[in-house]
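There are 2 protein chains.
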Amino acid sequence: MKIGELSKTTGCSIQTIRYYEKEGLLSTPERTEGNYRLYGERALKELEFIKHCRSLDIPLTDVKRLIELKNKPEESCASVNKLIAQQLALVNNRMRELKALKAELQQMASSCTTENTVEACGIIKSLDS
Amino acid sequence: MKIGELSKTTGCSIQTIRYYEKEGLLSTPERTEGNYRLYGERALKELEFIKHCRSLDIPLTDVKRLIELKNKPEESCASVNKLIAQQLALVNNRMRELKALKAELQQMASSCTTENTVEACGIIKSLDS
DNA sequence: CTTGACTCTATAGTCACTATAGACTTTATA
DNA sequence: TATAAAGTCTATAGTGACTATAGAGTCAAG
């Protein structure tokens, strides 16, 4: 299949697919006589793997490392484990941040009644303090 | 005070301060004879306001709008209210995403015992599916 | 045979910074 | 007083993970 079809079946934009190729995350595809990229089942799987990793917010550098590890099936997966644990720690941190953030925003939202002027606005006041 | 001192008292890096100025978020400071920026109480307050907004993940374009609104104290603060509500909605969305993310990462982490090889690794398997 | 859809490469833009180079100014030390 | 060190200046490039655009080439249908 050509890049347009791969894009549709995976939901990745065409530019993103080309970008992943450039970054060495997708293996170099064959080309037609007219220089169009040609993909098969393998590319589809590679792309789905990347998509899945990205949906977990795993950065592309780490995705690349995971792909390299996948290609060394006999090695220990301790580093895979570590990578996921780090990712989990990041997510936990971010969640904690967002909770605090949410609390403050809610507090702010409740301090403003729409009839106010900017001058009297509780939101502006709390941002100022 | 000069930019270094402002940087230390606010915790904003020097480059960030200059960046905010360039983007029109900080008012243009006076200069010494040697062309050094000179700041006073006002700049300090402006910068604290921006910092507070940023700590709430409010994008700089919106911070700019808030600053403009602050300077029109007689207008209605409905738009301030709306902006904060949108920000809250964003945060809520992101929290929902992160919850799902965390669940999957935890699931993955628990599917890997460190003694495994990459080949048998539960994490790689679940990323593949 | 031409129109339109698709693809190609190369480049610039996004956001909010961070980092660097190379020059200038000011302060501290010898 | 000379000089070294610290601070500041502007301008530019880099970050991550894309997205958008320009301008050219390819291919299938009418």
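One line per chain: the protein sequences are A and B, in this order. For what it's worth, full-length UniProt numbering labels the leading residue of the first sequence as 1, then goes sequentially. For what it's worth, full-length UniProt numbering labels the leading residue of the second sequence as 1, then goes sequentially. The beta-carbon is built from N, C-alpha and C at its ideal position, and this holds for glycine as well.
Apart from the five residues on each side of it in sequence, which residues of its chain come closer than 8 Å, Cβ to Cβ, to residue i?
{"i": "R42 of chain B", "result": "S27"}
{"i": "G40 of chain A", "result": "M1"}
{"i": "C53 of chain B", "result": "D62, V63 and L66"}
{"i": "I14 of chain A", "result": "I3, G4 and S7"}
{"i": "residue 143 of chain A", "result": "Residue 143 of chain A cannot be examined here, being either before or after the span of chain A that is shown, 1 to 129."}
{"i": "P29 of chain B", "result": "E21, R37, L38, Y39 and A43"}
{"i": "D57 of chain A", "result": "Q87, L90 and V91"}
What did DSSP end up calling residue i once you bin it into helix, strand or coil?
{"i": "T117 of chain A", "result": "strand"}
{"i": "S13 of chain A", "result": "coil"}
{"i": "L38 of chain A", "result": "strand"}
{"i": "S27 of chain A", "result": "coil"}
{"i": "S79 of chain B", "result": "helix"}
{"i": "N71 of chain A", "result": "coil"}
{"i": "T32 of chain B", "result": "coil"}
{"i": "D57 of chain B", "result": "coil"}
{"i": "K125 of chain A", "result": "helix"}
{"i": "K2 of chain B", "result": "coil"}
{"i": "S110 of chain A", "result": "helix"}
Give me the chain A residues within the contact set of residue i, using Cβ-Cβ distance strictly less than 8 Å, ordered along the chain.
{"i": "K92 of chain B", "result": "Per the sequence presented here, residue 92 of chain B reads as Asn, with Lys not at that position. Here the neighbours are K102."}
{"i": "S76 of chain B", "result": "T114, E115, N116, T117 and V118"}
{"i": "I123 of chain B", "result": "C77, V80, N81 and I84"}
What number of angstroms, rounded off, separates the C-alpha of residue i from the C-alpha of residue j?
{"i": "L90 of chain A", "j": "L101 of chain B", "result": "11 Å"}
{"i": "E75 of chain A", "j": "M108 of chain A", "result": "52 Å"}
{"i": "T10 of chain B", "j": "I67 of chain B", "result": "18 Å"}
{"i": "N93 of chain A", "j": "S126 of chain B", "result": "24 Å"}
{"i": "T61 of chain A", "j": "E119 of chain A", "result": "48 Å"}
{"i": "I3 of chain A", "j": "E48 of chain A", "result": "14 Å"}
{"i": "R96 of chain B", "j": "P59 of chain B", "result": "20 Å"}
{"i": "A78 of chain B", "j": "I84 of chain B", "result": "10 Å"}
{"i": "K8 of chain A", "j": "D128 of chain B", "result": "20 Å"}
{"i": "K82 of chain B", "j": "L105 of chain A", "result": "12 Å"}
{"i": "residue 200 of chain A", "j": "S55 of chain B", "result": "For chain A, the structure presents residues 1 to 129; residue 200 of chain A sits outside this window and is missing."}
{"i": "T16 of chain B", "j": "R31 of chain A", "result": "46 Å"}
{"i": "Y36 of chain A", "j": "T117 of chain B", "result": "38 Å"}
{"i": "Y99 of chain B", "j": "E33 of chain B", "result": "In the sequence under discussion, the amino acid at residue 99 of chain B is Lys, which differs from the Tyr named in the question. C-alpha separation (whole angstroms): 55 Å."}
{"i": "Q86 of chain A", "j": "L44 of chain A", "result": "27 Å"}
{"i": "I123 of chain B", "j": "I123 of chain A", "result": "45 Å"}
{"i": "A103 of chain A", "j": "K22 of chain A", "result": "42 Å"}
{"i": "N71 of chain A", "j": "R18 of chain A", "result": "22 Å"}
{"i": "I110 of chain B", "j": "P73 of chain A", "result": "The question names Ile, but residue 110 of chain B is Ser in the sequence shown. If I take the Cα positions, the gap works out to 19 Å."}
Less than 6 Å between C-beta atoms, sequence neighbours within five positions excluded: which residues of the same chain meet that for residue i?
{"i": "E46 of chain A", "result": "L26"}
Below 7 Å CB to CB, which residues in the same chain sit around residue i once its five sequence neighbours on both sides are set aside?
{"i": "C121 of chain B", "result": "C112"}
{"i": "I50 of chain A", "result": "Y20, L25 and V63"}
{"i": "C12 of chain A", "result": "L47 and K51"}
Report the neighbours of residue i on chain B: residues whose CB is nearer than 7 Å to its CB, in chain order.
{"i": "residue 156 of chain A", "result": "The displayed coordinates of chain A run from 1 to 129. Any statement about residue 156 of chain A would go beyond what the structure contains."}
List, in order along the chain, the chain B residues whose C-beta lies closer than 8 Å to that of residue i?
{"i": "M95 of chain A", "result": "M95, L98, K99 and K102"}
Checklist line | Residues of the segment 5 to 17 of chain A with Cβ closer than 7 Å to any Cβ of chain B, in chain order | finding: none
Note to self: Which residues of the segment 60 to 74 of chain A have a Cβ closer than 9 Å to any Cβ of chain B? Give them in chain order.
What the structure shows: L66, L69, K70, N71, K72, P73 and E74
Checklist line | chain A contacts from the segment 22 to 48 of chain B (Cβ-Cβ distance under 7 Å) | finding: none
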